[in-house]
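Engineer: The structure follows.
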Amino acid sequence: MFDLKIVIIGGGIAGLAAAIALKRNKNKVVVREKNASSSNSGMAFMIHESTIRKINALTDRDLEVKDCQINNFVLRDSRLNTDHIKIKGWYAIKRVKLLNFLQSQLSTDEYRDNSDFSHFHYKEDKAIAAVFKDGSIECGDLFIGADGINSQVRNLVSEAHFFPNEINEIVCIAKHKDENIHDNTFRKYVSIKRGMSFGYIPVSNNEHVWFLQFNSKLYGSVFEKREGIEKALSPKLLAEFPKEVREIIADSDLKKSHLWKNQELKLLNSYYKSNICLIGDAAHGSISLTSSGVSSGISSAIELAECLNSFESLYTAFNEYESIRKKKNTQTIEYAQKLKLQFNSPPNSINNYALPLFH
Ligand SMILES: Cc1cc2nc3c(=O)[nH]c(=O)nc-3n(C[C@H](O)[C@H](O)[C@H](O)COP(=O)(O)OP(=O)(O)OC[C@H]3O[C@@H](n4cnc5c(N)ncnc54)[C@H](O)[C@@H]3O)c2cc1C
């Protein structure tokens, strides 16, 4: 199918990737994003080279990642056992860099910010227009919900169920005085303190992105609100962690830290209804501990575009897309369950740890 007018609700990574892929397949696209693009925020994430290759195959120039490579993973447990593992094909990049790169591939007609989705207009059972809270209307042949984990479009497509909230995290960027910190190494301290782990990854020559993951039952009340994080990260709480963890936190502007209260979506019954389809976190977010959100967001966007390109009927294309994504989503959920189990009951030997990387 081609020559469709496709309206994408949500201009995050999945929505932008979908727009680029669908435009390449000779469709007219428009992305409508709730926030102002100047407010592009977020920290950074791990992304696998297979995802980068998929993006580069769609764009007029390559995403610059040569300084972002992560090829060592260092794991340390409470007995101070350390394991060094070589990892291949992983990069750590800032969210804003990827968003800006993807946005640069779209024209001003194809991307409109400050557009908060409200509802659809229907003719019989088909959506014919998306209506935004400012009263503007975008007509289309096909509508894609890429509006993230709290998706409103999803409410119109499928019933959503969530896993109980178990593991949350605080994420922040540390900026160091030293300009030569990038050693291509992801470090993770596990089970040093019960129900907590700390990881940090270089994202430039003087910055690390770090995350403190915690069991919400044990520490939920300590880290209840973002405003309380500076106080909650007390020397007493961090005493069991090595000195370098406390130094990284000391080099961070905790006012800019982010508290992720993870909402993990269970497998949806359906990813589409009539001519409305879900991608990214709206369809299968946000799976704990796996570092898979960005890769699966981009993959789902590109797979949907490929299915629409390969099949003549919308129903067949959506069905094929759904079956591919459900299979992948099931594998990711299974891996996340394993990681959650490991987080709560650490294995005796550090060699038996499953890596927090899935793509
Ligand atoms: C602000 C922010 C910061 C993030 N930072 C990180 C990070 O540091 N590390 C990490 O691993 N992951 C981060 N994530 C999550 C990560 O980007 C996603 O898991 C992954 O990229 C999948 O992307 P997505 O496009 O499906 O969802 P998202 O990235 O969540 O994008 C959804 C988009 O939809 C928009 N939207 C929501 N509701 C509406 C509406 N009613 N109308 C129109 N648009 C709407 C949102 O503003 C957002 O831009 C962040 C997400 C957000 C929104």
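Our numbering puts the first residue of the sequence shown at 9, with every later residue one more than the last.
Backbone N, C-alpha and C define an ideal beta-carbon position, used for all residues, glycine too.
This structure is a prediction, so every number in the text was calculated from the model and none was measured.
Look at the Cβ atom of ASN35, then the Cβ atom of ILE14, and state whether they are nearer than 8 Å.
Structural biologist: yes
Engineer: Report the three-state DSSP secondary structure of THR67 (helix, strand or coil).
Structural biologist: DSSP, reduced to helix, strand and coil, places THR67 outside both helices and strands of the structure shown, so it counts as coil.
Engineer: Would you say LEU71 lies against chain B (beta-carbon separation less than 8 Å)?
Structural biologist: Note that chain B does not occur in the displayed structure, where there is just one protein chain.
Engineer: Near ARG84, what residues of its chain come up, given a Cβ to Cβ distance below 6 Å and the 5 sequence neighbours on each side ignored?
Structural biologist: THR90 and TYR197
Engineer: What are the complete beta strand (DSSP E) segments, minimum 3 residues, inside the stretch 182 to 208?
Structural biologist: 193 to 201
Engineer: Using a threshold of 8 Å, state whether the C-beta atoms of ARG103 and GLY50 are closer than that.
Structural biologist: Yes, the Cβ-Cβ distance between ARG103 and GLY50 is below 8 Å.
Engineer: Run the CB neighbour count on CYS147, radius 10 Å, all protein chains shown included, and call it buried at 16 or more, exposed below.
Structural biologist: exposed
Engineer: Should PRO243 go down as buried or exposed, given a rule of 16 or more other Cβ atoms within 10 Å for buried?
Structural biologist: exposed
Engineer: What do you get for ARG333, buried or exposed, if any count of 16 or more other CB atoms within 10 angstroms of its CB means buried?
Structural biologist: ARG333 is buried by the Cβ-count criterion.
Engineer: Out of ASN337, TYR323 and GLU342, which one is the CA nearest neighbour of MET9?
Structural biologist: TYR323
Engineer: Is it the case that the Cβ atoms of LEU164 and ILE21 are separated by a distance below 8 Å?
Structural biologist: Not in contact: LEU164 and ILE21 (Cβ atoms no closer than 8 Å).
Engineer: Any heavy atom of ligand 1 closer than 7 Å to the beta-carbon of SER296?
Structural biologist: Checking the Cβ of SER296 against ligand 1 gives no.
Engineer: Counting only runs of 4+ residues fully inside the stretch 229 to 253, write out the alpha helix (DSSP H) ranges in chain order.
Structural biologist: For the stretch 229 to 253, the continuous alpha helix (DSSP H) assignments of 4+ residues that do not extend past its boundaries occur at 237 to 240 and 243 to 246, in sequence order.
Engineer: Excluding sequence positions up to five away, which residues of its chain have a Cβ less than 7 Å from the Cβ of ILE358?
Structural biologist: LEU83, ASP85, ASN89 and ASP91
Engineer: Under a three-way DSSP split, which group does GLN77 fall into?
Structural biologist: GLN77 falls in the strand class under three-state DSSP.
Engineer: Under DSSP, the beta strand (DSSP E) around GLN113 begins and ends at which residues?
Structural biologist: First-last for GLN113: undefined, no H or E at that position.
Engineer: ALA27: buried (16+ other C-beta within 10 angstroms of its C-beta) or exposed?
Structural biologist: Buried, since its Cβ has 16 or more Cβ neighbours within 10 Å.
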